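Residue numbers (UniProt numbering): 1 to 959.
The C-beta atom is built at its ideal place from N, Cα and C for all residues, glycine as well.
Keep in mind that this is a model prediction, so the values were computed, not measured.
Data block below; observations after.
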Amino acid sequence: MTTHVYCALCGIPTGEIPEGFGGDQSYDPRRLYDPEVKWSRDVKLLGQNPASSSSDRIFVVENAVSELADMHFYTVKPEEIPFPLNDRYLKVYDWDAPYSVVIPYHTACFKIIEEIAAPHPINHQVLYETLKPHLPKKGLGNLRPAFLDLNYGEACEYQEQKWLTIRGAEVLMASPVDIPDIEHYMNSFLLDHRLETQNEPIIKSSSKNGSLTTLPSEVLSKILLQLDDPSLSAARLASRDVAAETSTGSFWKNKVYSGMPWIVVFLQSAERLFTGRVDWCEVYQSLMYGNIIHPTGDARYHFATMAISNRYRIWSTCSQVLDEYFDRKTKLDVNLFSRSPILQNANSTPMSTLVVPESRHTESSAISLVHQFSDIQKARTIITTYWKSTGELAGISTRYSEAGSVQLIGSNRDIAKAEDVQLPDGEWLSAIILSSVGGLEKIDDDDGDSDWASESESDQYDDTSKPDFQVVGVKFLFSRNPPVQHGQYEGHLRIIQPSQGHFVVGFDGSWGPRGVLEKFTILHHPVDRAPPGTIDRLTSKTDSQISSDPLTMKHLWKDELPPANLKILPCTLSERGWTFNKTWSPMEYLAFGTCDEELAKLKAIGVDSMFLGIEIIYTDGTRRSIGPGRHAMQYYPIDGPGGERIVYFYAKPHEGASLRFITNRNRYLIFGKAHPDATRFPLHEHQGDITMGIYCNWYTALDDYNSGVITHELVSIGAFSRNVGYYESHAPQTDSGGLCWNPSQPVTAIYEQGPVFGKTGDLLYNRYGKPVSILSRHATVARVDCGRPLKSIKVAMAHSTKEPQLPLAAISFTYADDNTTKSIGPTEFTLPESEIEWGRPWCLCTEGIALAEELKARPHYTHDEWDVRGSHLNSVRFWCEYRGMLTGLQFVAQHGNESPVWRIWGNERLGRPTEQALVSTRSNCTPGLKLFYDGDERTLYGGGESIVAALQLIEIEKA
């Protein structure tokens, strides 16, 4: 459902207001000068780029366009965003976005805030930090109105999920800057307040000496201008001097100009053209107590009075904001002035978010390792980390000596432990590794018990609640000495280090009311800025096992950092990967090997049918894997000892995910669909560069439909590469229909016999109007030899979908002559640990894709094995529904031995089958089947399930 997003500065919607006009109770377009309210669609977005190397991380998007389908999303130009963005959308007021929370406001409202602050320019960084504490809390979601907790005056009454377009409230939509007829109106206003008498009334001052009598007129006037109206009236009655001072036109003009700045620019313009004398006391009375700032206004200039009224309201809200803004700006200026000289113009590593959720109210500061460059040579700075009783990192401080003053970021209050590390003599700090726990990891509560921290449990929070993701360890790396560990090392790891050729000079960070360090970055300078004689101390000779690749620092890594000698390639993201905060879900890496000798030990690679796990098997039986689940694993052999190598792969972690590993023997190891728009790793072919591994992360959350069930989804895939020698790539091998052979084309020729059974002639649509994946252009094909004696045939059936299609997830043929097996689909199955209300393990089908009766009766995969007893197959029977989809399958062997009929759930009456003899019409050929492996309806929901969707008889030429 559409919800309106409101301007941070004025409180009315940012973007078009559908159905806002025309109804009996809706806005009357005749009451607005601009019925389309175009000014409200001119929107700016204020955001923060955590990856910036500058101390100013702010970016501003001009002319953002709201999307009516979901007004939390805004279309932006890619060049205005300092980081990659999917589909050119930014989501506002979203604490869980992969970028810092973005704040929308009208261009017109920003002009007003600039006008109030003049002549001082607006510092966008300070404005962002000023508005941030007032933002909507995390977890309100798209079904709640999104506005700040500021006083927007009358606009607050209309801020519902959808903006209330009630007749009579059109004044709130009047433009506060481009005001129609304003010149004519102000001239008319001054004419109505013309001073009729030639001279101002004269009230003599008291001849008696008193405290007010002795004050210069200018001083007395400035004092009186600060009084409110009741106090000023009392002073006039009590003192002839006050009465005399406040009887002049200049006093009341000054009172208008100083107390009503929202209209001054219009008064000044009109006064320059006005030929008469103005009764400024009457002007003040009209502005203060008359109808100029009320929507009833002057009927002659209705549009102008409405706009002035809205301008007054917005000016008041912006003044609130600027009161806080200038307080923060003053503190920032003091902070910058007191900073050590060495921090001036220092570069910054990307700002790392340490806790989730982050606080709205935060403070920030920067600390240095030395005061100035000349101190580097002899520096023995002491770095202290502060830890709370729950094990969280509260703060970090530096002091130049044991007795030196402490510079602190974070908190050192309510601390259970403090640990020191001193810069070694002749060495320098080269990097920091942070250990984190949280998300759906178990963490200790304050009382020592364990509980699950999850995204759904933290939907509502305040700035003093315990964070769901936290830092529990800090490891300091030095140029030569062994590292020093504070806190615990176990957990997810993030390395923070300066750029190549730079050295650390300090730290920057922010913290909130919870008293824990929430954001952290390293400040650094190029080595060539250091004094002569200090280069050797600053030059890093850190253990080569720590990668210096900038992409290593970009991600949080599960349990261990990736190998240092591998190049990291940027990852590709799913739709959810662009919109969720990956701090919740660390990257997991799987290196095939770090050198060619290790690649020579690779025996097989496997992927879970739902893309929840990836595994490699080595020749010594060792297995290495990543991912939250390996419940239905499909494997392909790799002849590592014989020289076969995975040289590149294609990945698509979107709906109907896909992984295609290509070897130097032109074998395509395809998991899922063969998407042509998948991302290639390495992105381009480089001489000698091949894939050395893969890294991924999974979105993890509690299932909305089944309380307590943890669900996972693959959201990003990246790769490692290294130059190990030249290879030549080849085009994929395809069948007559252009579908990829999986894993490779048969060595000998094949001859297709008859039609494809299971293929539909027309494009089908499911009940949601999405095309059903029946032999899509991304399907793959494999062949099975049916002319050899068989020992057994095994099948794995998945849950049926609501489409009448045989859910044959896997089939394996084991031959009696050499005991080898030919498989299509997964071959290793384990049950998930999570259970749903029927006592069955969780699967994607619980979200309404499968029949409830089947979900209650059996788990997602059921298995059957048919003992063929060494016989040959005679024929195959299959059933198709009226549109052509395969609904049943049966094999018939010699001597009348028949397999079970594998069918869709609950369909006991399949009708008459089609039976095809498995015989060869060519003397040098053997009969076989070509199986079409394609996604079913579940792929439309991101599940990635693939099935044997169709088959075709073939004849295979004998070798």
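Would you call the CB atoms of residue i and residue j closer than 8 Å?
i	j	result
V321	I113	yes
G693	L556	no
T130	E324	yes
M587	T349	no
L775	S871	no
G640	T619	yes
K673	H778	yes
K603	I638	yes
S920	G787	yes
L806	L873	no
A118	F83	no
A657	L714	yes
L332	V126	yes
H193	E271	no
E490	S547	no
S286	R514	no
A809	Y727	no
Relative to the C-alpha of residue i, which residue among the options is closest?
i	options	result
T539	L493, T275, S430	S430
F878	V756, V37, L831	V756
I382	E865, R660, K673, A403	A403
A108	Q48, E154, A174	A174
D420	T390, T398, I432	T398
L590	C696, H654, I690	C696
S54	G621, Q344, G928, V747	Q344
D94	A169, F110, Q48, P121	Q48
S716	H654, H730, K759	H654
E881	A810, K255, G758	G758
Only counting the same chain, and skipping five residues up and downstream in sequence, which positions put a Cβ closer than 6 Å to that of residue i?
i	result
A917	S875
G593	L599
K91	H72, F73, A97
A69	Any reading at A69 must be qualified, since the residue scores a pLDDT of 49, below 50, and its modelled position is unreliable; no value is offered.
S812	K794, T821, S823
R665	E644
V242	A235, R236
I367	T398, Q407, I409, G506, F507
V484	V421, F476
Y152	G11, T317
Could you tell me which residues DSSP puts in a beta bridge with residue i?
i	result
P637	A604
C571	Paired residue(s): none; C571 is not in a bridge.
R624	I616
Q407	T398
N347	H524
Y589	Y695
D785	G928
F507	I367, I522
D689	N723
E915	R877
D864	V795
Going by beta carbon distance, what residues of the same chain come within less than 8 Å of residue i, once the five residues before and after it are set aside?
i	result
S319	I116
D934	K673, S773, I774, L775, S776, H778, A779, T780, S946, I947, A949, A950
Excluding the 5 residues flanking residue i on each side, which residues of the same chain have their C-beta closer than 7 Å to its C-beta?
i	result
L148	A8, L131, H134, L135
E898	Q890, V892
N209	Since pLDDT at N209 reaches only 49, below the 50 mark, its modelled position is unreliable, and the value read off the structure follows with that caveat. Counting only Cβ-Cβ distances below 7 Å, and skipping sequence neighbours, we find nothing.
P526	G501, H502
I495	A431, I433, I546, T552, M553, L561
L834	The residue asked about is misnamed: residue 834 is Ser in this sequence, not Leu. Around S834: V709, I710, P841, W842.
Does the Cβ of residue i lie closer than 7 Å to at least one heavy atom of the ligand NAD?
i	result
I670	For the ligand NAD, the structure offers nothing, since it holds no ligand at all.
- Item | the stretch 950-957 / the stretch 676-686 touching (three or more Cβ pairs under 8 Å) | no
- Query: Is the number of C-beta pairs between the stretch 179-197 and the stretch 252-269 that are closer than 8 Å three or more?
  - Reply: yes
- Counting pairs of Cβ atoms below 8 Å between the stretch 733-742 and the stretch 904-914, do you hit three or more? no
- Check whether the stretch 160-178 touches the stretch 24-42, counting contact only when three or more Cβ pairs, one atom from each stretch, lie closer than 8 Å. yes
- Message: So, does the stretch 411-427 touch the stretch 373-382, judging by three or more C-beta pairs under 8 Å?
- Response: yes
- Message: With three or more C-beta pairs closer than 8 Å as the rule, is the stretch 163-170 touching the stretch 247-259?
- Response: no
- Query: Is it a yes or a no for the stretch 37-46 touching the stretch 99-108, going by three-plus beta-carbon pairs under 8 Å?
  - Reply: yes
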